[in-house]
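Trainee: Would you mind keeping the following structure in view while I ask a few things?
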Ligand code: F6P
């Protein structure tokens with residue numbers, strides 16, 4: 059193999075450039091050319107196949123900075139249609155024309171589902187990334203436990219996990235953690251710590267919404283910010299006991315901080331945040347408004363009189379407020395953990411291509427005796443019996459539904475990721491860059507401007 063392609067697909071994470079960097083560094087060692095494809099799978103639909111040589115003369119281009127968030131290649135949520143054979147033929151020809159003999163896709167579960175049709179035509183591997191930490195398995199037999207039911211309107215199938223009979227052990231997780239997760243948790247934790255002091259001052263109840271779709275990993279990790287209550291999508295909550303807990307805390311400390319994952323569900327299993335059932339192009343339900351929906355419920359249940367009687371405000375509406383950590387979770391400089399393991403995963407993806415592996419995922423494994431290492435997993439091992447890859451949910455044992463906090467095993471899960479997740483340079487970078495005088499004088503210089511000058515086309 060002389061030349062490989064690489065693309066970034068799906069929602070971005072701060073670790074994408076680090077992953078591309080790891081792939082390019084490994085390719086340089088092996089005298090392998092790396093071509094970056096612009097805007098994920100979208101580039102393949104463009105007859106000119108916009109691309110950027112990432113290591114001309116086996117030197118990494120200077121724009122590729124592993125400590126920069128986002129992706130210099132751009133990303134989109136376009137995927138390849140497995141049933142459109144003509145289109146697949148055209149894509150294969152385009153890649154051939156560019157001399158691409160293998161392809162690395164950096165993405166999540168949507169990307170892994172999306173790369174399958176191409177993986178039958180040339181070696182294609184996945185280097186995982188997602189802030190949601192939902193690509194992988196809690197235990198190896200998890201995909202076999204999916205059952206599916208046809209929807210009443212016959213518009214398709216819904217997939218559910220059966221109650222598992224498999225024993226769970228942290229050492230047996232497949233892809234323990236995905237690059238991007240640690241930074242998202244870091245940003246969320248900072249947001250929670252900052253909300254706390256203002257909630258304390260103003261005697262308020264804060265609801266902080268974090269991302270993660272239907273996986274509660276980011277909410278779980280937010281425990282480092284010491285919120286009083288954490289609600290995760292995997293565990294429906296009882297409104298009555300939640301209100302009771304909030305009142306107990308408020309009586310004691312005059313403020314409460316609640317973290318909710320954007321995919322939390324009510325007692326009937328209905329998404330609190332999916333008032334509008336719209337879908338993104340990857341077919342994921344767009345979740346907006348879990349925290350607002352929860353706030354409405356609390357305003358109704360707690361009522362104005364409660365706050366007035368404490369002389370802590372005129373109304374529940376005034377006392378209970380929401381904040382979304384939002385896309386800041388996905389942006390900016392990746393913390394050391396993500397930079398390091400993103401790069402390792404990118405390097406492993408190159409090795410997999412050279413072994414002519416296809417439909418394979420580079421994984422980050424962890425065992426108590428061994429710590430972290432990079433490995434690989436045949437993507438079929440992640441697919442259910444119908445060939446689908448499902449977003450990994452946080453294992454139920456990680457959460458204590460009585461405490462509304464991580465359980466002991468949940469805390470054990472988090473510790474290896476976060477104990478050294480921040481490097482001294484992460485803090486030094488903040489110190490030197492935040493109030494640099496140049497920030498006041500110089501306009502922001504987007505890396506996109508420089509990358510545009512390097513874009514090449516076929517034909
Ligand atoms: O999958 C990553 C993620 O950030 C989710 O946590 C979130 O629900 C979604 O993407 C947001 O997508 P968008 O960037 O399209 O708003």
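Numbering (the numbering used here), first residue to last: 59 to 517. Every residue, glycine too, gets a C-beta built ideally from N, C-alpha and C. Note that the coordinates shown come from a computational prediction; the quantities given were computed from them, not determined experimentally.
#1: Considering only residues of the same chain and omitting the five flanking positions on each side of residue 402, which have a CB-CB separation below 7 Å?
#2: Which of the three DSSP states, helix, strand or coil, is assigned to residue 461?
#3: Are there three or more Cβ pairs, one per stretch, closer than 8 Å when the segment 419–437 is compared with the segment 221–229?
#4: Do residue 166 and residue 139 have their beta-carbon atoms positioned less than 8 Å apart in this structure?
#5: For ligand 1, I want to know if residue 269 counts as a neighbour, meaning its beta carbon is within less than 7 Å of at least one of the ligand's heavy atoms.
#6: With DSSP collapsed to three states, give me the class of residue 518.
#7: Is the Cβ-Cβ distance between residue 84 and residue 405 less than 8 Å?
#8: Our contact map puts residue 168 next to residue 137 with C-beta atoms below 8 Å; I'd like the distance itself, whole angstroms only.
#9: Three or more beta-carbon pairs under 8 Å between the segment 388–395 and the segment 116–134, yes or no?
#10: Find out if the Cβ-Cβ distance for the pair residue 99, residue 67 is shorter than 8 Å.
#11: Verify whether the separation of the beta carbon atoms of residue 452 and residue 245 is less than 8 Å.
#12: Closest to residue 465 by CA distance: which of 501, 355 and 288 is it?
#13: Are residue 102 and residue 59 closer than 8 Å when you measure CB to CB?
#14: Between residue 501 and the rest of its own chain, which residues show a CB-CB distance below 7 Å, the 5 nearest in sequence each way excluded?
#15: At 3 residues or longer, and completely inside the segment 356–440: list those beta strand (DSSP E) runs for me, N to C.
#16: Report the partner residues of residue 111 according to the DSSP bridge assignment.
#17: Rounded to the nearest angstrom, what separates residue 116 and residue 471 at their Cα positions?
#18: If you compare alpha carbons, which of 220, 198 and 200 is closest to residue 207?
#19: Run the proximity test for residue 178: is its beta-carbon closer than 7 Å to any non-hydrogen atom belonging to ligand 1?
#20: Go ahead and label residue 347 buried or exposed: buried means 16 or more other beta carbons lie within 10 angstroms of its beta carbon, across all protein chains shown.
#21: Measuring straight from C-alpha to C-alpha, what distance separates residue 446 and residue 363?
#22: From 176, 239, 265 and 164, pick the residue whose C-alpha is nearest to that of residue 147; which is it?
#23: Compare the C-alpha of residue 386 against each of 242, 78, 223 and 304 and name the closest.
#24: Does the segment 274–282 come into contact with the segment 295–309, if we say contact requires no fewer than three beta-carbon pairs (one atom in each stretch) closer than 8 Å?
#25: In whole angstroms, what separates the C-alpha of residue 303 from that of residue 162?
#26: In whole angstroms, what separates the C-alpha of residue 4 from that of residue 467?
#27: With hydrogens ignored, establish whether the beta-carbon of residue 450 is closer than 7 Å to any heavy atom of ligand 1.
#28: Tell me, which residues are paired with residue 513 by DSSP?
#29: What beta strand (DSSP E) runs, 3 residues minimum, are completely inside the segment 209–242?
#30: Looking at the unbroken beta strand (DSSP E) that takes in residue 186, where does it start and where does it end?
#31: Could you have a look at residue 353 and say whether DSSP puts it in helix, strand or coil?
#32: By Cβ distance below 8 Å, which residues in the same chain neighbour residue 381 in space, the five residues on each side in sequence not counted?
#33: Output the boundary residues of the alpha helix (DSSP H) element that contains residue 168.
#34: When you measure from the CB of residue 136 to every non-hydrogen atom of ligand 1, does any distance come out below 7 Å?
#35: If distances are taken between C-alpha atoms only, which option among 171, 76 and 121 comes closest to residue 513?
#36: With burial defined as no fewer than 16 other Cβ atoms inside 10 Å of the residue's Cβ, what is the status of residue 438: buried or exposed?
Mentor: Taking the definition as stated:
#1: 80 and 432
#2: coil
#3: yes
#4: no
#5: yes
#6: Here the chain covers residues 59 to 517 and nothing more, so residue 518 does not appear.
#7: yes
#8: 7 Å
#9: yes
#10: yes
#11: no
#12: 288
#13: no
#14: none
#15: 378–382, 418–425 and 429–436
#16: 93
#17: 39 Å
#18: 220
#19: no
#20: buried
#21: 51 Å
#22: 176
#23: 242
#24: no
#25: 48 Å
#26: No answer is possible for residue 4: the residues shown for the chain start at 59 and end at 517.
#27: no
#28: For residue 513, which the question treats as bridged, DSSP gives no partner whatsoever.
#29: 215–219
#30: 182–186
#31: helix
#32: 249, 253, 264, 265, 266, 267 and 349
#33: 167–177
#34: no
#35: 121
#36: exposed
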